[in-house]
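Undergrad: Protein chains in written order, with UniProt numbering: chain P, 1 to 745; chain Y, 1 to 175; chain C, 1 to 331.
I have a structure I would like to understand better, so I am pasting it below and will then ask my questions one at a time.
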Amino acid sequence: MTTAIGQPLERVDGRAKVTGSARYSTEIPATGMAHACLVGAQVAAGRVTAVDASDAWEEPGVLAVLTHENLPRIAAQPPLVPSLFGGPAPGETFFPMQDDTVHYGGQAVALVVADTHERAQHAAALLRVEYEESEPLTTIEQGRDQAYEPEAIFGGFLPGHSARGDIEAGLEKADTVVECTYTFAANNHNPLETSGTTAMWDGDELLLHDATQGVNATQLTVAALLGIPLSKIRVLGHYVGGSFGCKAMIWHHPALAALAAREVGRPVKLALTRAQMFTSCGHREEQEQHITLGATDDGRLTALRHHKLSPTSHFDDWAEPSLNSAAQMYACPNYEGAYRLFRANTMTPTFMRGPGDSTGLFALECAMDELAERTGLDPIELRLRNFADSDPVSGNPWSSNGLKECYERGAARFGWYERDPEPRSRREGNWLIGTGMAAAGYPAPPPGTPQRARARIYADGSVVVQAATPEFGTGVATVMAQVAADALGVPVERCRFEKGDTDFPGIAAAVGSAGAGMISAAVHTAATALRDQLVREAVADSGSPLHGADPADVAVRDGVMTVSSPGAPSEAYADLLQRNHRPDAEASGTWNPPGLDTPYGMLTFGAQFAEVAVDPELGMVRVRRMTGAFAPGRVLNTRTVRSQLTGGMLWGLGQALLEANHMEPRTGRWAAGSLGDYLIAVNADAPDVEVELVEVEDRVVNPLGVKGVGEIGQVGANAAIANAVHHATGRRIRKMPITIEDIIG
Amino acid sequence: MSVRGPSLTERGPGLEERGPGPVPVTLSVNGAERELEIEPRVSLLDALREHLDLTGPKKGCDQGACGACTVWVDGRRVLACLTLALSCEGREVTTIEGLAGPDGELHPMQRAFIAQDAFQCGYCTPGQIMSAVALTAEGHTRDDDEIKEWMSGNLCRCAAYPHIRAAVRAVRDGT
Amino acid sequence: MRLITYSRAADAAGAITTVSSDPTSDFLAGGTTEIDLLRQNVLTPRRLVDINALPLTGVEQAPDGGLRIGALARMSEVAASPLVRERFPVIAEALESGASPQLRNMASMGGNLMQRVRCPYYRDTASPCNRREPGTGCSAVEGFSRGHAVLGTSEHCIATHPSDVAVALAALDARVHTHGSRGEQTYSIDDFFLTPGHTPHREHPLEHGELITAIEVPSSPVARRSLYLKVRDRESYEFALVSAACALSLVDGTIADVRLALGGVATKPWRAHRAEGVLLGAEAGRESFTEAARVELADARPTANNAFKTGLAQRVIVRALETLTANGRTS
């Protein structure tokens with residue numbers, strides 16, 4: 001049996017990416033290309049009273065100025081449903097320029113189209129928009145009093161309130177109670193490629209090149225908004241320059257690009273500016289989480305209360321699901337979780353890497369560290385004492401787990417037990433050194449719809465597999481070739497994965513770490529169907545050496561079908577096709593994912609370790625090393641998986657120490673709107689990272705048992721760092737990010 | 001095209017003033033003379049991407065804050081977004097497209113980036129590589145701390161930083 | 001970005017005449033500020049005069065043993081100069097802690113001194129800003145001001161001067177040479193930068209069209225033992241929250257000479273004259289360092305967001321002095 005799966009193959013698109021030949025969505029040349037530029041509202045609340053475009057029209061080359069006064073009305077506003085569920089997936093249930101209302105700062109109030117980029121940009125700057133401004137409400141400080149408990153969040157998929165056992169009784173039973181409030185600054189995704197769409201009409205047919213995590217999601221959403229048949233809209237997204245959640249839902253710009261292109265009768269390119277990335281495609285909301293842990297003297301949890309307060313938009317009850325994994329991590333019989341929201345002058349927040357769990361588990365894992373200190377237990381020992389043998393929420397068995405191995409192997413690799421648990425016990429010159437750990441968990445949710453792929457083998461034995469999914473850095477083209485190779489029994493070099501095109505079989509948006517699992521399932525299903533089809537043909541073919549054999553006795557290796565019987569008759573796929581004068585053979589595969597009611601707890605686990613150096617006088621925190629051990633089910637490619645996990649862990653570092661945006665209470669606008677003001681980690685911030693892979697077999701989540709690695713690397717890394725800061729300094733800083741003033745304050 | 005304000009067309013004393021409308025420009029890019037007609041306000045980055053179809057240099061911020069547009073002008077790494085195309089006349093511009101050999105043979109740094117998996121989405125990669133090659137020529141590769149600091153002008157949101165350092169080391173050490 | 005014309009100056013006189021005679025014209029050197037702010041519509045010249053071909057480069061030893069830096073020398077060239085690294089390490093360190101390698105290859109030394117404040121409100125044309133549009137008000141005073149100044153502020157502007165190397169130059173009594181329609185001028189670096197007062201839009205005493213030609217650093221034996229200490233959130237590619245340029249010489253444990261300037265905390269590169277007054281002749285040690293730091297920050301006027309800077313600046317001063325007296329380095 002060939003085993004391409006798991007091999008650390010180099011990325012098949014490496015050459016395109018290192019030579020600059022990879023084309024991203026706004027790098028598609030077209031004759032007569034026009035350039036569009038969004039104009040965002042300069043106030044956060046109120047309405048547009050007048051738009052004076054006379055100066056803008058003075059700029060040479062201007063083709064159109066679209067505002068609420070002349071932009072065509074959308075056909076329908078689809079509901080907000082997470083894109084993993086495979087339907088239309090607008091980022092918010094609001095479409096701009098349908099009336100004069102301004103709901104949030106930066107909301108699109110105009111779109112200017114010109115023949116060059118410079119002219120569009122400058123004409124946009126010359127547009128004079130007058131506002132009637134009302135007082136904005138954007139911060140927790142301002143909105144706390146107006147909070148309500150929503151019935152459901154997250155597109156209606158998660159309850160606003162959940163409980164098990166008796167929380168009050170659990171607290172009653174506790175010998176120790178840890179009660180803490182954690183605050184989180186808002187975060188912005190800031191992939192290096194800004195969002196953007198190139199739109200081209202040919203008659204009534206629309207072609208979009210879109211930077212998206214799901215070309216089908218773009219297709220479905222734009223078709224609904226514009227009221228055009230799905231058969232008339234094709235979306236391409238071959239390369240996407242990072243997303244991290246801001247391209248997981250479909251925001252306004254693809255539809256706006258299409259409307260603009262129809263208006264000017266030319267192809268239109270709409271690339272958001274960096275500043276617009278802060279106001280046009282969601283964010284991780286500011287939030288406050290309150291945790292109460294009750295435990296017995298020997299560290300067994302008796303109660304967990306977890307409340308979250310955050311702002312949402314005027315249109316949607318959205319909170320990132322921070323109470324998901326946190327409710328499942330430990331065997332705690334008494335639990336209460338509740339979301340509270342208030343309506344604010346903000347766009348609807350959205351997924352951002354480690355959505356929900358990176359904040360929810362920050363709170364829980366920091367609180368667990370405090371409990372470990374109170375009970376005098378080693379933090380790993382405390383977690384082992386509360387290990388959940390089954391899913392505490394449903395009582396169902398885990399589909400797979402591996403958490404104990406993550407603790408063990410992560411601790412060994414990191415050298416965890418060499419620490420003196422006493423805070424402030426290690427100093428090197430001006431630096432206090434500390435170590436910390438945290439557990440990590442992230443759901444392995446099945447997609448909501450069947451996932452499809454197509455496999456084709458040519459008469460020369462080379463293979464093409466197709467599915468609609470785009471490539472945004474995960475290595476999907478590389479690993480899906482590996483999956484197809486193993487399923488078909490051909491060398492991986494003979495397999496090519498084609499992607500990023502709605503003409504290919506449909507795939508839900510690759511979000512929430514579900515991409516590798518669901519796409520591999522579709523590819524595996526299609527490739528297996530093709531293999532089975534060819535074997536069936538061979539055994540039925542009187543001209544084949546395999547004629548008459550039982551298909552169950554046929555194995556395929558290196559593209560050669562061989563019967564496990566005396567003489568081992570064999571024939572290559574290519575020979576079978578050529579002999580029958582067939583240019584190719586093709587099969588489709590559809591994978592029907594398990595339902596949400598599958599009787600298993602499906603969570604990916606990990607353990608995070610960090611060592612920090614803190615200069616307590618100058619307030620500087622430097623992360624010196626990080627180790628993460630993860631149990632992501634089956635690993636399709638150890639090279640790309642390690643890279644993704646490394647990136648996630650360093651995201652945790654950024655969230656812990658750097659990344660913050662704040663709404664200005666007076667203006668309701670973001671304080672940071674550039675990469676100079678919103679700090680993401682640079683090379684100098686990033687230590688070397690160790691990744692330990694704990695492979696666990698999972699027969700439930702999908703055919704290959706792939707649980708995904710996009711998020712789990714980030715979850716818990718921030719808590720490990722905060723716990724290390726405590727170990728170094730003796731101080732608990734219960735907020736994200738931890739900055740200089742917190743250390744010296 | 002229309003021009004606003006008569007003062008714009010006046011020549012400064014002794015200086016040849018060009019624009020503000022499109023003017024013919026010759027740029028030497030990757031060893032070839034390229035002629036284009038652009039307004040003086042066009043950045044080197046937009047001239048390369050929008051007019052010469054060289055989309056290897058990336059637009060990450062257009063504000064000098066990310067490094068994705070890093071190219072070489074007369075052999076030194078600079079940011080194309082904050083450089084006017086006209087100011088590059090008479091200078092040699094090198095982009096990622098000019099790094100591989102004429103037969104398509106990859107530069108050792110390009111090979112090392114692939115081998116070390118020093119990228120994920122690939123959007124910052126051309127800038128990273130142009131910086132990494134320059135860094136090596138500058139002699140700032142003595143140790144990891146130096147590489148870290150001198151590669152810090154190139155943001156990578158996928159955070160492939162440890163692997164980028166590994167690629168630079170590999171080229172330095174000839175491994 | 002608005003329409004502009006472009007011309008390339010062949011000689012300084014032509015460039016100065018052109019820009020001096022047209023208030024809507026600007027010099028273009030490295031472009032790292034000019035192009036950036038043009039694109040933001042913060043600067044609105046109609047005409048750019050490219051001065052990069054002018055012979056204003058070079059880093060040379062002056063006859064008095066000091067340093068003469070051409071206004072068009074690039075930050076990276078100055079930082080790499082063996083003369084600078086050996087005799088004025090604080091200048092090299094300040095330069096290399098600023099911006100990024102690419103920006104340092106572009107930015108000229110003259111342009112560095114002329115760079116504008118990094119206040120987000122200054123850069124955002126939707127926000128009131130007295131520096132950009134006099135009389136419109138200061139958004140930072142009541143706004144988000146974590147990065148803003150605590151020294152040299154006024155009710156009209158609290159923006160921090162962003163330069164690192166100017167802090168080192170301030171510590172070393174550099175002089176700025178210019179050429180304009182009034183002829184040649186020389187400014188002490190302290191006079192070159194203006195605090196906002198009632199006129200935050202005036203950042204320098206230069207008249208329009210006056211061109212920086214060179215920066216001169218006088219001979220300064222004390223500078224051989226000098227350092228630049230920069231504290232920021234991110235480890236690189238970020239402006240200072242607080243920085244200190246410091247040079248010091250000791251005789252028998254007593255401070256014989258000291259130069260100290262602060263960055264990140266003031267509306268201009270801030271020469272710490274008061275601290276120097278305390279330190280000069282004092283016994284080197286935590287006690288005198290702490291007192292010097294306290295005295296220097298005594299008039300600090302922080303906002304709610306940047307109150308930590310007052311204490312942090314004092315700690316940075318103490319650390320810089322301690323590091324120099326220990327003849328060690330911060331790790």
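Note that the Cβ used here is the ideal one computed from N, Cα and C, for glycine as well.
If we define contact as Cβ-Cβ less than 8 angstroms, is L15(Y) a contact residue for chain C?
TA: Locating residue 15(Y) in the second sequence gives position 15, where the first residue counts as 1. For L15(Y), the answer is yes, since a Cβ of chain C falls inside 8 angstroms of its Cβ.
Undergrad: What first and last residue would you give for the beta strand (DSSP E) that runs through L38(P)?
TA: The count along the first sequence starts at 1 and reaches residue 38(P) at position 38. Its beta strand (DSSP E) spans residues A34 to G40.
Undergrad: If you draw a straight line from the C-alpha of E283(C) to the C-alpha of D257(C), how long is it?
TA: As a first step, residue 283(C) is located in the third sequence; it is residue number 283 there, counting from the start. As a first step, residue 257(C) is located in the third sequence; it is residue number 257 there, counting from the start. Distance between the alpha carbons of E283(C) and D257(C): 12 angstroms.
Undergrad: Going along the chain, which residues of the segment 50 to 77 of chain C sit with their C-beta nearer than 7 angstroms to a C-beta in chain Y?
TA: Those would be D50 and N52, in chain order.
Undergrad: Please say whether G601(P) and D357(P) have beta carbons closer to each other than 8 angstroms?
TA: Stepping through the first sequence from its first residue, residue 357(P) is reached at position 357. Stepping through the first sequence from its first residue, residue 601(P) is reached at position 601. Contact: no.
Undergrad: Give me, in chain order, the residues of the same chain whose beta-carbon lies closer than 6 angstroms to that of V709(P); leave out the 5 immediate sequence neighbours on both sides.
TA: Along the first sequence, read from residue 1 onward, the residue named residue 709(P) stands at position 709. Within the same chain, V709(P) has close Cβ partners P632, V641, Q644 and L645.
Undergrad: Under 8 angstroms Cβ-Cβ, which residues of chain Y neighbour G209(C)?
TA: Within the third sequence, the letter at position 209 stands for residue 209(C). Contacts between G209(C) and chain Y, judged by CB atoms closer than 8 angstroms, are missing: the closest CB pair is about 11 angstroms apart.
Undergrad: Is it buried or exposed for L596(P), if we count other Cβ within 10 angstroms and need 16 for buried?
TA: Along the first sequence, read from residue 1 onward, the residue named residue 596(P) stands at position 596. Looking at its Cβ environment, which holds fewer than 16 other Cβ atoms inside 10 Å, L596(P) is exposed.
Undergrad: Hey, would you say A147(P) sits closer than 8 angstroms to R340(P), going by beta carbons?
TA: Position 147 of the first sequence, counting from 1, holds the residue named residue 147(P). Position 340 of the first sequence, counting from 1, holds the residue named residue 340(P). Result yes, Cβ atoms of A147(P) and R340(P) sit closer than 8 angstroms.
Undergrad: Just to confirm my understanding: we take I743(P), look at its own chain, exclude 5 residues before and 5 after, and list those with CB closer than 6 angstroms. What are they?
TA: Translated into positions along the first sequence, residue 743(P) becomes position 743. The answer, listed in chain order, is G619.
Undergrad: So within the segment 248 to 323 of chain P, which uninterrupted beta strand (DSSP E) runs reach at least 3 residues, ignoring any that extend past its ends?
TA: 268 to 271, 287 to 295 and 301 to 312
Undergrad: Let me know if S43(Y) comes out buried or exposed under the rule of 16 or more other beta-carbons within 10 Å of its beta-carbon.
TA: By one-based count along the second sequence, residue 43(Y) stands at place 43. Counting Cβ neighbours within 10 Å, S43(Y) comes out buried, since at least 16 surround it.
Undergrad: Report the option in N216(P), G559(P) and T667(P) whose CA atom is closest to the CA atom of A510(P).
TA: Translated into the one-based positions of the first sequence, residue 510(P) becomes position 510. For A510(P), the nearest C-alpha among the options comes from N216(P).
Undergrad: For H68(P) versus N345(P), is the C-beta distance shorter than 8 angstroms?
TA: Counting from one through the first sequence, the residue named residue 68(P) turns up at place 68. Counting from one through the first sequence, the residue named residue 345(P) turns up at place 345. No. Outside cutoff.
Undergrad: How is C180(P) classed by DSSP in three states: helix, strand or coil?
TA: The count along the first sequence starts at 1 and reaches residue 180(P) at position 180. Here C180(P) sits in strand by DSSP.
Undergrad: Tell me the residue span of the alpha helix (DSSP H) that contains T310(C).
TA: Taking the third sequence and counting its residues from 1, one reaches residue 310(C) at position 310. Here the alpha helix (DSSP H) through T310(C) covers F308 to T325.
Undergrad: Would you give the residue range spanned by the alpha helix (DSSP H) that A167(Y) belongs to?
TA: Here residue 167(Y) corresponds to residue number 167 of the second sequence, with the count starting at 1. Residues Y161 to D173.
Undergrad: Cβ closer than 7 angstroms: which chain C residues qualify as neighbours of G64(Y)?
TA: The residue labelled residue 64(Y) in the question sits at position 64 within the second sequence. The answer, in chain order, is T32, D36 and L103.
Undergrad: Does any residue of chain P bring its CB to less than 8 angstroms from the CB of D164(C)?
TA: Residue numbering aside, residue 164(C) sits at position 164 when the third sequence is read from its first letter. Not an interface residue.
Undergrad: On the premise that A514(P) lies in contact with T445(P), defined as a C-beta separation below 8 angstroms, what is that separation, rounded to the nearest angstrom?
TA: Position 445 of the first sequence, counted from the first residue, corresponds to residue 445(P). Position 514 of the first sequence, counted from the first residue, corresponds to residue 514(P). First, the amino acid is wrong: residue 445(P) is Pro here, not Thr. So it is a contact: roughly 6 angstroms between Cβ atoms.
Undergrad: Would a check of beta-carbon distances place Y228(C) closer than 8 angstroms to chain Y?
TA: Along the third sequence, one-based indexing puts residue 228(C) at 228. Residue contact check for Y228(C) against chain Y: no CB pair falls below 8 angstroms.
Undergrad: If you follow the alpha helix (DSSP H) that L250(C) is part of, which residue opens it and which one closes it?
TA: Looking up residue 250(C) in the third sequence gives position 250. Annotation for L250(C): no alpha helix (DSSP H) segment contains it, though the beta strand (DSSP E) segment containing it runs V242 to V251.
Undergrad: Counting only beta-carbon separations shorter than 8 angstroms, does A120(P) have a partner in chain C?
TA: Locating residue 120(P) in the first sequence gives position 120, counting from the first residue. No, A120(P) lies away from the interface with chain C (no Cβ there is under 8 angstroms from its Cβ).
Undergrad: Closest to G87(P) by C-alpha separation, out of G155(P), L530(P), A303(P) and S21(P), would be which residue?
TA: As a first step, residue 87(P) must be located in the first sequence, where it is residue number 87. Considering only alpha carbons, the answer is G155(P).
Undergrad: So H662(P) contacts chain C; which residues on that side make the cut at Cβ distance below 7 angstroms?
TA: Numbered from its first residue, the first sequence carries residue 662(P) at position 662. What H662(P) touches in chain C, judged by beta-carbon distance under 7 angstroms, is F144, going in chain order.
Undergrad: Counting only C-beta atoms, is T55(Y) closer than 8 angstroms to chain P at any point?
TA: The residue you call residue 55(Y) lines up with position 55 of the second sequence. So yes, T55(Y) belongs to the interface.
Undergrad: Roughly how many angstroms separate the alpha carbons of residue 747(P) and Y131(P), rounded to a whole number?
TA: Residue 747(P) falls outside the range modelled here, since chain P spans only 1 to 745, and no answer is possible.
Undergrad: What would DSSP say about Q110(Y), mapped onto helix, strand or coil?
TA: One-based indexing of the second sequence puts residue 110(Y) at position 110. Of the three classes helix, strand and coil, the one that applies to Q110(Y) here is helix, per DSSP.
Undergrad: If we call anything under 8 angstroms between Cβ atoms a contact, is S520(P) one with M480(P)?
TA: Taking the first sequence and counting its residues from 1, the one referred to as residue 520(P) is at position 520. Taking the first sequence and counting its residues from 1, the one referred to as residue 480(P) is at position 480. Yes, these two residues count as a Cβ contact at 8 angstroms.
Undergrad: How many whole angstroms separate the CB atoms of H253(P) and L270(P), which I take to be in contact at a CB cut-off of 8 angstroms?
TA: On the first sequence, position 253 is the one that residue 253(P) refers to. On the first sequence, position 270 is the one that residue 270(P) refers to. The C-beta distance from H253(P) to L270(P) rounds to 5 angstroms, short enough to fall under 8 angstroms.
Undergrad: Whose C-beta lies closer than 7 angstroms to the C-beta of E238(C) among residues of the same chain, with five residues either side of it excluded?
TA: Sequence index remark: in the third sequence, residue 238(C) carries index 238 (1-based). Only R232 meet the Cβ criterion.
Undergrad: Would you list the residues sitting across from I153(P) in a DSSP beta bridge?
TA: Stepping through the first sequence from its first residue, residue 153(P) is reached at position 153. Note: I153(P) sits in a beta bridge opposite L158(P).
Undergrad: Less than 8 angstroms between the C-beta atoms of G98(Y) and G31(Y), yes or no?
TA: Start at 1 with the first residue of the second sequence, and residue 98(Y) comes out as number 98. Start at 1 with the first residue of the second sequence, and residue 31(Y) comes out as number 31. Contact flag set, yes.
Undergrad: Determine whether the Cβ of G14(C) lies closer than 8 angstroms to any Cβ atom of chain D.
TA: The chain labelled as chain D is not found among the protein chains of the depicted structure, namely P, Y and C.
Undergrad: Under 8 angstroms between the Cβ atoms of H662(P) and A248(P)?
TA: As a first step, residue 662(P) must be located in the first sequence, where it is residue number 662. As a first step, residue 248(P) must be located in the first sequence, where it is residue number 248. No, they are not a contact pair.
Undergrad: If you compare alpha carbons, which of A438(P), E493(P) and P349(P) is closest to L9(P)?
TA: Residue 9(P) sits at position 9 when you count from the first residue of the first sequence. For L9(P), the nearest C-alpha among the options comes from E493(P).
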